[in-house]
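Notes for the one structure printed next.
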Amino acid sequence: MIRTVLADDEVLARQKVRQLLREIRDVDIVGECGTARETIDLVRLTHPDLLFLDICMPDMDGFDAVSALSSSPGGKLPHIVFVTANDKWAVRAFECHALDYLLKPFTAERLQEAVQRARDRLVSNKHQDSSTVSNPEGERYTTRMVFKSRGRILFLSVDDIRWIEAEENYVRLHTSAQSHLLRETIGRLETRLDPQSFLRVHRSSIVNLHYVKEVKNEANGDAIVVLTGGENISMSRSYRSRIQKLMTVS
Amino acid sequence: MRKGSQSEPVFMKPAIFITSSVLVGLLFAFQEWLSIHHMGYRLPSLIFFESWGYQFLVWGSLCWLLWHFFSLQIQRASILRIIFVFLPLSVAISLAQQMLFVFIFRNLPLNHSEPSYWRRLSIYVYAELLDNMLIFWCAFGLFRGVGYYQRFREHENAKAELEVQLANAQLAALRMQLNPHFLFNTMNGISSLMRSDIEAADTMLEQLSCLLRLSLERGDSQLITLREEIEFVELYLAMQGHRYSGRVKQSVRVDPELYDSLIPSMLLQPIVENAYVHGLSRTESAGTLILEVQRRGNQMRVTVMNSGIGLNPTSEGDAHGHGFGLRNIKSRLKLHYGDDSRFEIAQVDPRHVRVEVEIPLQYSPESTKPITRFGTR
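Just so you know, the protein sequences line up as chains A and B, in that order.
Take the first sequence: its position 168, counted from the start at 1, is 168 in this note's numbering, and no numbers get skipped.
Just remember that this note's numbering sits 250 ahead of the position in the second sequence, which is counted from 1.
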């Protein structure tokens with residue numbers, strides 16, 4: 001069960017989250033609160049796995065509550081999903097390792113996404129797979145990113161990216177449900193991504209190897225990468241040796 | 251922009267300009283009269299006022315003529331033109347002024363009795379040519395200054411006008427959300443969905459919020475990147491897609507090279523709205539809407555094509571005020587780009603209408619990077 005606390009000073013806002021969460025069988029709401037102080041006390045008392053936290057609350061803001069909680073001794077911080085009507089704190093939330101950022105009003109589907117993310121995280125924490133890898137500059141490879149797409153704030157885990165397509169100075173990230181256009185060059189993005197998972201197959205495309213079903217050879221020496229969802233991504237000859245190397249290794 | 255008569259300063263009206271010139275002359279006369287008087291000379295007072303008055307009357311008239319016929323040339327003259335055209339002209343005009351003055355005013359010099367015209371002229375030219383040229387260059391400087399001032403004012407006015415237009419566009423965008431065609435129908439849609447499909451009602455409410463959030467974020471920026479404008483239109487299209495529940499096939503094709511080019515904010519949405527309100531909403535059958543942005547040389551071309559009913563020449567639309575959105579677009583294009591933009595609405599066949607807009611390609615000097623951050627767990 002995902003033990004969950006709801007913190008929002010508006011009763012109706014809490015009610016909406018509560019009603020939607022009740023339909024999810026593995027979520028257990030262990031408490032609700034309307035101020036930051038109550039939140040701090042309740043979290044210290046109940047040690048929840050997940051906290052839905054409003055940012056604007058009457059006594060302190062949500063970030064104050066988070067920093068108070070993280071400085072308290074022995075307390076394990078729950079995974080935090082910020083729920084707010086304003087998008088201006090998204091980067092700050094991302095930087096304090098929030099799990100997600102829901103903009104009010106949100107849909108049931110968007111809330112379920114956030115819960116799924118918590119579920120995934122709780123599972124991976126149990127397995128303790130903290131084998132984070134670094135690129136040659138010593139920075140760790142990106143595992144998550146925040147951006148804005150069509151008026152929504154998205155905290156995306158790179159594992160959800162199926163493939164990436166270059167569009168001049170932009171890249172289009174394809175996930176299973178939709179695609180997002182970001183202002184970033186494919187070359188720069190490539191260096192941030194772990195080459196164990198992400199492979200450049202063309203001047204303008206990168207694929208996530210976890211979603212590759214097969215590689216089909218073409219008569220002219222080029223190849224086509226087929227993803228599990230059925231997408232065909234053409235692969236140019238110059239990039240082909242790289243995938244062959246990887247495939248012989250595995 | 252050509253100098254319009256409404257922007258001409260009031261002191262350049264001939265009566266006012268020449269009268270002020272004479273008044274300046276009379277002031278000089280008064281000063282000279284005082285100093286001569288103070289030194290103990292006794293001369294008829296009238297002669298000072300007459301000579302200075304005539305002198306500046308002639309100068310005032312000449313300068314006004316110069317302004318009237320050559321103000322643009324004076325204001326736009328390059329340094330080379332000033333040296334090779336206006337310097338010789340200043341000598342010629344100073345000479346002409348003296349010829350006129352000597353011709354009109356015969357009483358000077360005082361102690362020569364009835365000298366010939368040429369003799370008197372030569373006395374004057376030797377005594378006063380440089381002074382006269384100085385007067386010419388003062389007028390020249392004044393006219394150029396007036397030109398700078400006028401251009402500054404025109405610039406300010408155009409800016410103010412653009413701001414008003416943008417405010418109107420924002421109002422119109424708000425009206426889009428507040429008019430019966432959009433907000434109430436959307437709300438009615440949500441209200442109806444609340445009974446049958448709560449999820450869909452939720453989605454529509456969220457999209458409406460995103461749309462409002464984006465349009466508030468725009469703030470008062472005049473030009474935004476095509477990417478931002480397309481994002482706004484895509485949201486609008488998604489909402490319309492819900493309202494028409496899949497009856498309209500939408501397609502958006504943008505040349506990725508143009509994502510960062512600039513476009514007046516809220517330019518595309520009214521065109522797309524127009525396609526729905528006056529085309530797609532008027533047929534029962536399935537429809538299509540195609541939005542395309544391509545590059546044409548140094549221009550960006552936006553094409554919006556929709557099926558539905560064609561353009562009706564005796565359209566009752568104007569009575570409903572539907573022309574407002576498109577009219578507003580035309581006037582904003584004119585203000586931003588002058589004659590470098592094109593707007594065209596045409597019926598390609600009885601069931602398809604196409605709107606084409608072309609604007610010059612511009613890129614913002616610094617790319618506004620939206621919030622994107624990368625992190626590790």
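Ideal Cβ positions, reconstructed from N, Cα and C, are used throughout, including at glycine.
{"query": "Residues near Gly491/B in its chain [Cβ-Cβ closer than 8 Å; skip 5 each side]", "result": "Val498, Gln500"}
{"query": "Alpha helix (DSSP H) runs contained entirely in the region 503-567 of chain B, provided each spans 4 or more residues", "result": "518-528"}
{"query": "is_contact[Ile513/B, chain A] using C-beta, thresh 8 Å", "result": "no"}
{"query": "Where Leu99/A sits in the DSSP three-state scheme", "result": "coil"}
{"query": "Through-space distance from Cys313/B to Pro264/B, alpha-carbon basis", "result": "10 Å"}
{"query": "Rounded distance between the beta-carbons of Phe386/B and Ser340/B, thought under 8 Å", "result": "4 Å"}
{"query": "Where Trp163/A falls, given that 16 or more other Cβ within 10 Å makes a residue buried", "result": "buried"}
{"query": "Selection of the region 102-130 of chain A by Cβ proximity to chain B, strictly under 9 Å", "result": "Leu103, Lys104, Pro105, Phe106, Thr107, Ala108, Glu109, Arg110, Arg121, Ser124, Ser130"}
{"query": "With 16 other Cβ atoms within 10 Å as the buried cut-off, status of Ile333/B", "result": "exposed"}
{"query": "Validate contact between the region 471-479 of chain B and the region 139-150 of chain A using beta carbons, cut 8 Å, 3 pairs", "result": "no"}
{"query": "Per DSSP, the bridge partner or partners of Pro610/B", "result": "Gln549/B"}
{"query": "Beta-carbon proximity check, Leu53/A vs Phe94/A, cutoff 8 Å", "result": "no"}
{"query": "Among Leu487/B, Met516/B, Val502/B, Val504/B, nearest to Gly496/B - alpha-carbon criterion", "result": "Leu487/B"}
{"query": "Segments assigned alpha helix (DSSP H), at least 4 residues, entirely inside the region 163-227 of chain A", "result": "186-192"}
{"query": "Beta-carbon proximity list for Met444/B, same chain, < 6 Å, skipping 5 on both sides", "result": "Ala451"}
{"query": "Chain-ordered neighbours of Thr436/B on chain A, where CB pairs are closer than 8 Å", "result": "Here the premise fails: no neighbours, minimum Cβ distance about 14 Å."}
{"query": "Stretch-stretch touch, CB-based, cutoff 8 Å, three pairs: the region 523-543 of chain B with the region 602-621 of chain B", "result": "yes"}
{"query": "Three CB pairs or more closer than 8 Å across the region 308-322 of chain B and the region 284-291 of chain B", "result": "no"}
{"query": "Exposure label - Tyr398/B; buried when at least 16 CB within 10 Å", "result": "exposed"}
{"query": "Chain A contact residues for Thr626/B, given Cβ-Cβ distances below 9 Å", "result": "Thr132, Glu139, Arg140, Tyr141, Thr142, Thr143, Arg144"}
{"query": "Distance between beta carbons of Gln544/B and Gln609/B, contact taken as under 8 Å", "result": "In the sequence under discussion, the amino acid at residue 609/B is Ile, which differs from the Gln named in the question. The Cβ separation is near 12 Å, so there is no contact."}
{"query": "Asp589/B versus Ala596/B - alpha carbon distance", "result": "20 Å"}
{"query": "Interface positions of the region 71-86 of chain A facing chain B (Cβ-Cβ less than 7 Å), listed along the chain", "result": "none"}
{"query": "Cα-Cα separation, Glu10/A to Glu32/A", "result": "11 Å"}
{"query": "Euclidean distance between Cα positions of Tyr376/B and Leu583/B", "result": "59 Å"}
{"query": "Helix, strand or coil at His288/B [DSSP, three-state]", "result": "helix"}
{"query": "Residue from Val308/B, Gly303/B, Ile354/B, Leu384/B with nearest C-alpha to Leu337/B", "result": "Leu384/B"}
{"query": "Chain B residues whose Cβ lies nearer than 7 Å to that of Ala90/A", "result": "Ile621"}
{"query": "Residue from Ser581/B, Val607/B, Phe278/B with nearest C-alpha to Arg592/B", "result": "Val607/B"}
{"query": "Inter-residue CB distance, Leu46/A and Val91/A (contact presumed, cutoff 8 Å)", "result": "The sequence given here places Thr at residue 46/A; Leu does not occur at that position. Wrong, their Cβ atoms sit about 29 Å apart, outside the cutoff."}
{"query": "Proximity test, Cβ basis, 8 Å: Pro615/B and chain A", "result": "no"}
{"query": "Endpoints, the alpha helix (DSSP H) within which Leu316/B is located", "result": "295-326"}
{"query": "Buried or exposed by the 16-neighbour rule on C-beta atoms within 10 Å, applied to Tyr613/B", "result": "exposed"}
{"query": "Sub-8 Å separation of Ser234/A and His210/A beta-carbons", "result": "no"}
{"query": "Endpoints, beta strand (DSSP E) assigned at Cys56/A", "result": "Here Cys56/A belongs to no beta strand (DSSP E), and DSSP marks it neither H nor E."}
{"query": "Cα-Cα separation between Arg172/A and Phe198/A, rounded to whole angstroms", "result": "15 Å"}
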